[in-house]
Amino acid sequence: MRIGIDGRAFTSPAAGVRRYATHLVSALMDLGEPLQIVALGGDPAMGPPGIEHIAERAHPPTNLGWTLMGLPAAAARARVDLIHAPAYTAPFVSRAPVVLTIHDVSYERHPEWYPYRRDWMRRAFYRRSARAAAHILTDSAFSAREISEAYAIDPARITVAPLGVGSGFAAGDPDAPMDLPAGVTTPFVLHVGDLHERRNLPVVVDAVLEARRHFGGAAAVSLVLAGVDRGVGEGLCAMAAAAGVPEAVVRLGAVEDDRLQVLYRGASALVYPSRYEGFGLPVLEAMASGTPVIASRAASIPEVLGDCGILLDPDDRGGWTDAIVRMLNDEHLRADLHARGVARAATFSWARTARITYAVYVQAVGRDPRFNLVKPS
Amino acid sequence: MIAPDVAAVLVNFNAGPELQVALQSIADECGTRPWEAVVVDNGSTDASQAAAAQFGPRVRLIQNAANVGFGCGVNQGLAATTAPLVLIMNPDCHLAAGALTTLEAELLSSVTCGVVGPRILDPDGSEQGNARGDPDMLTGLFGRTSPLRRLLPRLAVSQRNVVAREADRDDTALTVDWLSGACLLARREALAAVRGFDERYFLYWEDADLCRRLRARGYSVRYAPMATAVHHVGRSSRTARKSSIRAFHDGAYLYYATHVAPGAFNPKRIAARILLTARCWVKLVAAG
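These protein sequence lines map, in sequence, to chains X and D.
Going by the numbering used here, the letters in the first sequence line up with residues 1 to 377, in that order.
Going by the numbering used here, the letters in the second sequence line up with residues 1001 to 1288, in that order.
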């Protein structure tokens, strides 16, 4: 069975999409199933090593042109049995069946968070892609329900394949010296992910400022933000400056994986007040790193966190303050969440994601290449 | 189209009218749920193909020019289907009412359960003994249909090879070594993990071999006597009596050589070869 995967995903501007495509393809190749993966288009140097690459040929401009015309043409040249589009956009018409991964539909459910002039076009493109696909993969049961409602798609056409976490995210030696980035001082609470309105970050800035004001043990705590600023970063820093403690909020911008792993291990907690997620990969990465998690009881987050962290209402300001203070002062709680988080994270493997994904490929292609391997029929 | 969640695979050889009964029982059991079936025909010369055609596009026919054997035929059927649940059934077998639901509930009750089989009855209502212990040297003497077992059914060695009697008492499912390939409900992922049936077996013992390999991968094999199927024993094989006897003994040796005495010069293996050849010869003479 030959699977063509949209090679542009390996160089996507979205870090989550890059991570998904890269880890999924590696794990699929490690399954040991009769499966060949071909990267269709994109930069041949950027895909996982060892996969075949089909170069892009002339196609209409922009990503839209590539997806609608270039991708199916490349799939035909590569003679693949199926196209897997790993993030939102897929050809509407193609000879090979299409499996599409939709990571979340926040743009459909909360268009007010995406006030761009051309966003209606993106939404229409995503919607048509979803409706045309033979099968849809998504990262959580919550997203499956949301997709089904937003696009009026039969739930039987949607399969949940939870994401995994790479082995780099692990609880290290607690006594090892920590090479924290410049400007980061302990104790700190960490937020990972783009700084975006839906991430609801003012609530944790308030909570951190409040914790510094009223509780001695938390007097020096700061909030470290690892992620690209999508327009709310200035406002968050201004809140800290207005309170007279600009050092309480530290913006790092985009952070590479190896430095991110150090940040997780050094943080007193991951704070994740998001109002909407399709999965919530930072929650999983924090659990794998043994970092306690304080997160909002919203969207897919409870599905990922289970009972291995503190879940709060995203608007409960007092609750967030209390949780941060408690996490800084209660060593038993930290140790308990550390152990439970590590155990839970171990159940989220990319191998499982690949296994579920492979079963979807088999179903979409309509035949199962794992059988009938010995005698010719 | 909604993807089917049950795929039935039937390997057919001149079962004609019974094939139709078998497919009808599957259709009745599936009701309105999406299902698919593949009939792999090993070169039938009767009206089997027409019987399969009556069920419309849900039932597809794979026509083999020659008889490729049972396990290979099932694998062809598995390769041509995708549903996560697979019903492997002989064409001379049919499901009693409620059997599929009961088997499915048992299969899905534990993530490690790979395959489940029903109580299998003769058309006259007598038990065929579907819950079985792994075969060994004494299976030839005390096996399911041997005269010694019939004479001494309470002997431990007889009980070992057919454990159905124990299950009859309480009518609840139990874990067994292996089940007849006449009627099995399996998880596709479990079958795929062991790459389906071993195609070296032509007929007989491929079921024992499959269950053994499933167990080695950590899957359990469950007998669910609350579900019932009726099996016209050996109707498919009766049309070719002598080649069936040979296939039975070839399969028995292959199983023994693979699982019990893997070394090429293992004396037990050599003894098995001699004993099975002798037994085969006796059976062939008796068959005329």
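Even glycine gets a Cβ: it sits at the ideal position worked out from N, Cα and C.
The structure displayed is predicted, hence computed values, not measured ones.
Anything in chain X within Cβ reach of G1196 (chain D), meaning under 7 Å, just list it in chain order. F371
With three or more C-beta pairs closer than 8 Å as the rule, is the stretch 118-134 of chain X touching the stretch 1014-1033 of chain D? no
G42 (chain X) to H23 (chain X) span [Cα, whole Å]: 17 Å
Are there three or more Cβ pairs, one per stretch, closer than 8 Å when the stretch 1197-1205 of chain D is compared with the stretch 1093-1105 of chain D? no
Any chance you could list the beta strand (DSSP E) runs of at least 3 consecutive residues sitting entirely within the stretch 259-290 of chain X, in chain order? 269-272
Does DSSP put R128 (chain X) in a helix, in a strand, or in coil? helix
Other residues of its chain near L305 (chain X): CB distance less than 7 Å, five sequence neighbours each side excluded: V283, V293, A295 and L311
Should L1078 (chain D) be flagged as near chain X, meaning a C-beta pair shorter than 8 Å? yes
Report the CB separation of A1015 (chain D) from R1119 (chain D) in whole angstroms; it is logged as a contact under 8 Å. Incorrect: roughly 21 Å between the Cβ atoms, too far for contact.
C-alpha gap between A1272 (chain D) and A345 (chain X), whole angstroms: 51 Å
Listed by chain order, chain X residues near A1032 (chain D) by CB distance under 9 Å: Checking the sequence shown, residue 1032 (chain D) turns out to be Thr, not Ala. None at all; the shortest Cβ gap to chain X is about 14 Å.
Distance cutoff 8 Å, beta carbons only. Does Q363 (chain X) sit that close to anything in chain D? yes
The stretch 334-352 of chain X contacting the stretch 1047-1055 of chain D, beta-carbon criterion three pairs below 8 Å: no
Which residue marks the beginning of the alpha helix (DSSP H) containing L957 (chain D), and which one marks its end? In this structure chain D extends from 1001 to 1288, so residue 957 (chain D) is not present and cannot be described.
For R157 (chain X), does the count of other Cβ atoms within 10 angstroms reach 16, so buried, or fall short, so exposed? buried
Apart from the five residues on each side of it in sequence, which residues of its chain come closer than 7 Å, Cβ to Cβ, to L328 (chain X)? P187, G217, A218, V221 and S268
Does any residue of chain X have a CB that is nearer than 8 Å to the CB of N1067 (chain D)? no
Let me check understanding here. Comparing Cα to Cα, which of D:A1261, D:A1186, D:P1057 and D:T1172 lies closest to M1089 (chain D)? D:A1186
Quick one: which chain D residues come within Cβ less than 9 Å of R367 (chain X)? A1079, A1080, T1081 and T1082
When DSSP labels each residue in this structure, what does C1030 (chain D) get in the three-state scheme? helix
If you count every other CB in all the chains shown that lies within 10 Å of the CB of Q1054 (chain D), and 16 or more means buried, which is it? exposed
Segment contact, 8 Å Cβ cut-off, at least three pairs: the stretch 132-150 of chain X with the stretch 99-117 of chain X: yes
For the beta strand (DSSP E) holding R1222 (chain D), just list the boundary residues, first then last. S1220 to H1231
For T159 (chain X), which option in X:D368, X:P369, X:R355 and X:R367 has the closest C-alpha, if you only look at C-alpha atoms? X:R355
In whole angstroms, what is the alpha-carbon distance linking V1059 (chain D) and D1005 (chain D)? 14 Å
Rank D:G1056, D:A1261 and D:A1007 by C-alpha distance to the C-alpha of W1035 (chain D) and give the top, closest one. D:A1007
What would DSSP say about T185 (chain X), mapped onto helix, strand or coil? coil
Fully enclosed by the stretch 1065-1146 of chain D, which alpha helix (DSSP H) runs are 4 residues long or longer? 1070-1079, 1099-1108 and 1139-1142
Just checking: is the beta-carbon of N1042 (chain D) within a distance shorter than 8 Å of some beta-carbon in chain X? no
Coil, strand or helix - S222 (chain X) by DSSP: strand
With 8 Å set as the bound, which would you pick, yes or no: does the beta-carbon of E1189 (chain D) sit closer than that to a beta-carbon of chain X? yes
What does the alpha-carbon distance come out to for the pair A1164 (chain D) and V165 (chain X)? A caution first: A1164 (chain D) carries a pLDDT of 49, below 50, which makes its placement in the model too unreliable to give a value.
Whole angstroms are fine: how far does the CA of V1115 (chain D) sit from the CA of R317 (chain X)? 52 Å
Sequence-distant residues of its chain with Cβ nearer than 7 Å to S94 (chain X) (five each side left out): P72, A75 and I83
Q1054 (chain D): first and last residue of the uninterrupted beta strand (DSSP E) it sits in: Looking at the DSSP string, Q1054 (chain D) is not in any beta strand (DSSP E), and its letter there is neither H nor E.
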